[in-house]
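Protein chains: 2
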Amino acid sequence: MTFSLQTRRNTITQLKRTDLDVLIIGGGITGAGAALQSIASGAKTGLIDMGDFGSGTSSRSTKLVHGGIRYLKTFDVTVVADTVQERARIANVAPHIPHPAPMLMPIYQEPGATFDLFAAELAMDLYDRLANIQQGQYAHYMLDREAVLARIPNLAEQHLIGGGVYLDYINNDARLVIENIKEADELGAMVASHLEALEVIHADNGKAIGVKVHDHLSGEVFTIHAKILLNTTGPWADDLRHSEDQPLLRPTKGVHLVVDDSVLFVPQPIYFDSGLQDGRMIFVIPRAGKTYFGTTDTDYQGDLKHPTVAIDDVDYLLNVINIRFPEAQVSLSNIEASWAGLRPLLAPPTSNTHVDLQPLVDLIHQFEAGATTQSQVEALIADLAKKHAAPSTVSRGYEVISEPDGMLTIAGGKLTDYRKMAESAITVIRERLLTEHGVHTSQIDSTHLQVSGGHFDPSTVLDSLDYFARLAEDAGIPRTQAHQLAQRFGSNIGRVLRYAQSGAAPGLSLGETASLRYSVFEEMALTPVDYMLRRTNLILFHADTAENIAGPVVAEMARLLEWDDLETEAQLQRLLNVMSESALTTLKREHQ
Amino acid sequence: MTFSLQTRRNTITQLKRTDLDVLIIGGGITGAGAALQSIASGAKTGLIDMGDFGSGTSSRSTKLVHGGIRYLKTFDVTVVADTVQERARIANVAPHIPHPAPMLMPIYQEPGATFDLFAAELAMDLYDRLANIQQGQYAHYMLDREAVLARIPNLAEQHLIGGGVYLDYINNDARLVIENIKEADELGAMVASHLEALEVIHADNGKAIGVKVHDHLSGEVFTIHAKILLNTTGPWADDLRHSEDQPLLRPTKGVHLVVDDSVLFVPQPIYFDSGLQDGRMIFVIPRAGKTYFGTTDTDYQGDLKHPTVAIDDVDYLLNVINIRFPEAQVSLSNIEASWAGLRPLLAPPTSNTHVDLQPLVDLIHQFEAGATTQSQVEALIADLAKKHAAPSTVSRGYEVISEPDGMLTIAGGKLTDYRKMAESAITVIRERLLTEHGVHTSQIDSTHLQVSGGHFDPSTVLDSLDYFARLAEDAGIPRTQAHQLAQRFGSNIGRVLRYAQSGAAPGLSLGETASLRYSVFEEMALTPVDYMLRRTNLILFHADTAENIAGPVVAEMARLLEWDDLETEAQLQRLLNVMSESALTTLKREHQ
């Protein structure tokens, strides 16, 4: 089944003349999951995204299907139980994507530590029980100080008292999005990227009946009609809602940085307190010869479409890394790649946000006049902050909001919860399609709705991936790359390999050629950035390779997509800009 | 062994001419525990208190040896593990005092709930494991909604989803103090109440070598010398330290109210969220036909010597009670007794308290000028509050501080930790006595240092108390009161009963007579308030009895202590004032 620039043209024609049951606006992980469930339920489903699928937030995560052990610090056991259950379900429906990665948590005896050694052991024990992890390969275990240092010799020794290892999962966030999208497409959803929703269109009775959209490729503006609009635009959710409403979201920015593992080596993912007594924990994760670390979590008020890595973000993360790895001396110049994303966090509920600031204003005047003490002001701040619901505790939750005009908005949530969030929305949608429009849909079990590439037995993942890799080897692709392709494409490997039959493109290996052609024809990769940043993660974890093959990739895409020279040059330039931004070229020039 | 007004005179004579090894200033539970450990170690020990023992803070607690299950909300498992271990040790050294009381925690499904049902069950399971509570009589168990309501029919039904029962312990805080004090006295410590430390006296080299004290009974001012001063004055700790130092403490006030159980009946102690989304939990505890509830937790800046119950405290607690018991309609007029105490909470550490307020001042000016939004101000408040260490999380810890002049100060801590706090201080003291003064002391095991009244086998508490009660019955005291005396005095019952041999005092029962005379001669009860508020809790839980026997108690004490008419009248007046304050007479007049 092709899913490409060409099918996009047909889809747009269809979108123009169909009265959809459901139009999903936003093709991140939430929208992708919702599209799959919606079409599987039998609803006439469309999905649009203003850019590439997952390009906004869902390709910019820590790239873990994280169980959230830190929530045990606040004894949010229900959250952890739900999260680890969802994680298991993701591993079932997308068995080629998450893979288990035992996480080492070193414990330091220091003020503000999230867990001491005793609490860490209890937390991990509880975590295993919640995740139903039996004794054996993946059950947690504790390490003494010497054992931690034996594994990670470059770790800071001062105040280190031991550590524990518990099960977490590595994810490929962008591919989880595209595999959901592809499956939805396969089942008949009308899906198109680079279509931006400009505004919601209302009937005379005030009900939302469609959106005016702008096709970024053709420049055309047209209308898509649907019985129900589902707003899954993540951090942009407020833009599509009535501007006079209280904002639902309060996005924060999260930054990750990548260095070569010759600069900073860790043998397995590790997770520790920042050491700055700010209540934050940081991941350091090895990947394909690189090591990446993050994340930051700062209130964001800048341009939602283009969050960037600032020097403060770099300083913060390098500070943490150099505290925990004193000999590494990682500096800005070592950073090979980076990404900045926005978390679509729920703003504290309105009922809690109304804090009367007048007493503070009065007290500040007294403070300036010397009529009160700093500690009085601090006491009032602490009081006010208590009233102001703490975002860190409520923020990872999500809501499905029925807007006054009937649009549904999914706000908040974390990546691991995407299936559940989609399910919540689809439940409301099915009910409304039935009662308001007489449209019958089917109840489906989304925990068994396998995504594209994931159509194989989840209980035999390693064997299946080996088999897919062998198929690639049989097609003439060297072993290492064969395994990469098997992981990247899962059960679609057969379709990928058909693109190897016509031989390698100039400057590209046979495997890379097949991968690129498959992504262009069957994954709606429309630009070199789509391919090199999201269909693959070449820009993030293979910066050197990316530089080498940038030209050949652009050339091959120009051939496949019939670009003229002007377009080809523009696409190359855009790719180089993205690579340069990822490599923090400007920051390096300004701050070195 | 007598311990009375008469022995106090001898003790003061001794204190004047002895160079003590250790002088403990403050006879609350921390000082009392420290005195016992110090004298048991062989150090020449003195202890003074500016009022009665335990009168400041240690008689004003919730009267539980609380395991602190709420700390599991923040996964402070080490705190909980330590606390439940200490609790078991207290039950060993003072077996007549704490008694097990399974606590019912109803769970409501509401915003800001501390635990949901699932988390509550896990928390109680973890709590039992930490406390090493085996399956059986005292292991936790869960109740469904109907079972909770069957037990407590007047409990609010809305949003109630169930509950759990876990083991907690009822305490008699003031008696735990006096039994430690009496044991210390018995072992040879020089202990006197109503001796106020006015100031620390220093040698030429700046080292603290004693205190100037004021005898509140005689009016005399004199000096007590000691090699080491231990400041266990709780909320007053900063008063004795150098005034220019950063305050160690940030006291908060806790209020409890008592009503008759015909107004509010609970069959067992219960513990629930306030229902006000303020993150606080409230106890409701039955005791001797009364029900008391609390506590509040508010920053306190008033007179440290005399915290009082304010109308805001009453409003807060009645609000909570009437939310949870909608039919009870408890009002100010129902309150029979009350108490207000100060928690000696540690101030956040200096390094964290310095918050730069300038950005807030600037932003407030912008806010007033309309140049910024409320949410910007709130975001900054949240940020500042994060920097300002949250008192609720660190505040229950304690520190033993070596002051620049050599004085040791124990600051912070909770009642249940008194033995451990004392042990920490004594460890430092023994080391310093040896290295600085060549004084050898013995290592003792304070977990086996039984307090006065507790000299019996802790594994047979019920049998022993029955036996003590039988002795009282044999002395002619009716069964109910015999059991009260057994619980009050434990293994000292024989000494108590000797005071029954000369018959009842006018207006007092035989048991009350024996109890009063014992307290006067062997528990240093110097005033009717000492007896009726701390040696017994007549004013708190038997307000009607207290009113009836106030005159006879004063008359008998006047006889025993040889007061003239003027003194007798003054003591009666002081007692009536305390009873009136406990009954909130003034508040009732002003607000009804």
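So the protein lines, in turn, are chains S and B.
Taking this note's numbering, the leading residue of the first sequence gets -4, the next gets one more, and so forth.
Taking this note's numbering, the leading residue of the second sequence gets -4, the next gets one more, and so forth.
Note that beta-carbon positions come from the ideal geometry of N, C-alpha and C, so glycine has one too.
Min CB distance residue i to chain S below 7 Å
| i | result |
| --- | --- |
| Lys415 (chain B) | no |
| Leu117 (chain B) | yes |
| Ala126 (chain B) | no |
| Leu511 (chain B) | no |
| Thr388 (chain B) | Note that Thr388 (chain B) has pLDDT 43, beneath the 50 cutoff, so the model's placement of it is unreliable and the number below is only indicative. Thr388 (chain B) does not count as touching chain S. |
Residues that DSSP places opposite residue i in a beta bridge
| i | result |
| --- | --- |
| Gly336 (chain S) | S:Gly249 |
| Asn226 (chain B) | B:Ile20 and B:Thr404 |
| Asp163 (chain S) | S:Ala96 |
| Met276 (chain S) | S:Asp268 |
| Lys285 (chain B) | B:Asp255 and B:Arg282 |
| His220 (chain B) | B:Asp14 and B:Gly205 |
| Glu394 (chain B) | B:Ala406 |
| Ala192 (chain B) | B:Val208 |
| His197 (chain S) | S:Ala203 |
Within chain S, partners of residue i - CB distance below 8 Å
| i | result |
| --- | --- |
| Val356 (chain B) | Ile359, Phe362 and Glu363 |
| Ala76 (chain B) | Phe113 |
Own chain partners of residue i with C-beta closer than 8 Å, once the 5 adjacent residues on each side are dropped
| i | result |
| --- | --- |
| Ser387 (chain S) | The predicted model places Ser387 (chain S) with a pLDDT of 44, which falls under 50 and marks its position as unreliable, so this point remains unresolved. |
| Asp400 (chain B) | Val195, His197, Gly201, Lys202, Ala203 and His237 |
7 Å Cβ cut-off: residues of chain B touching residue i
| i | result |
| --- | --- |
| Asp111 (chain S) | Thr73 |
| Asp294 (chain S) | Ala374 |
| Leu379 (chain S) | Ile376 |
| Leu67 (chain S) | Phe70 |
Chain S residues whose Cβ lies nearer than 7 Å to that of residue i
| i | result |
| --- | --- |
| Thr455 (chain B) | In chain order: nothing, as chain S lies at least about 33 Å away. |
Beta carbon proximity, residue i to chain B, threshold 7 Å
| i | result |
| --- | --- |
| Phe70 (chain S) | yes |
| Leu341 (chain S) | no |
| Leu570 (chain S) | no |
| Leu114 (chain S) | A quick correction: the sequence has Ala, not Leu, at residue 114 (chain S). Yes, because at least one Cβ of chain B sits closer than 7 Å to the Cβ of Ala114 (chain S). |
| Leu244 (chain S) | no |
| His582 (chain S) | According to the sequence as given, residue 582 (chain S) is Leu; it is not His. It does not: the Cβ of Leu582 (chain S) has no partner Cβ on chain B nearer than 7 Å. |
| Leu299 (chain S) | no |
| Gln59 (chain S) | Going by the sequence as given, residue 59 (chain S) is Leu instead of Gln. Closer than 7 Å: no. |
C-beta atoms of residue i and residue j nearer than 7 Å
| i | j | result |
| --- | --- | --- |
| Leu480 (chain S) | Gly506 (chain S) | yes |
| Glu518 (chain B) | Arg529 (chain B) | no |
| Gly157 (chain B) | Asp139 (chain B) | yes |
| Pro230 (chain S) | Pro343 (chain S) | no |
| Leu18 (chain S) | Leu224 (chain S) | yes |
| Ala203 (chain B) | Leu125 (chain B) | no |
| Ala35 (chain B) | Leu182 (chain B) | yes |
Own chain, CB closer than 6 Å to residue i, minus 5 neighbours either side, in chain order
| i | result |
| --- | --- |
| Asp180 (chain B) | Phe(-2) and Val186 |
| Ile173 (chain S) | Phe48 and Glu518 |
| Gly413 (chain S) | Note on residue identity: the sequence assigns Tyr, not Gly, to residue 413 (chain S). Contacts found: Ile24, Thr25 and Gly28. |
| Thr6 (chain S) | Met185 and Ala187 |
| Gly336 (chain B) | Thr52, Arg55 and Gly249 |
Chain-order list of residues whose beta-carbon lies under 7 Å from that of residue i (same chain, five-residue window excluded)
| i | result |
| --- | --- |
| Leu533 (chain B) | Met527, Thr540 and Ala541 |
| His154 (chain S) | Tyr103, Gln104 and Glu105 |
| Pro453 (chain S) | Ala86, Asn87 and Pro90 |
| Val258 (chain B) | Ala323, Val325 and Asn329 |
| Lys207 (chain B) | Leu193, Glu194, Ile196, Val216 and Thr218 |
| Asn166 (chain S) | Lys58, Leu59, Val60, Ile92 and Pro93 |
Contacts that residue i makes with chain B (C-beta to C-beta distance below 8 Å)
| i | result |
| --- | --- |
| Leu121 (chain S) | Leu117 and Leu121 |
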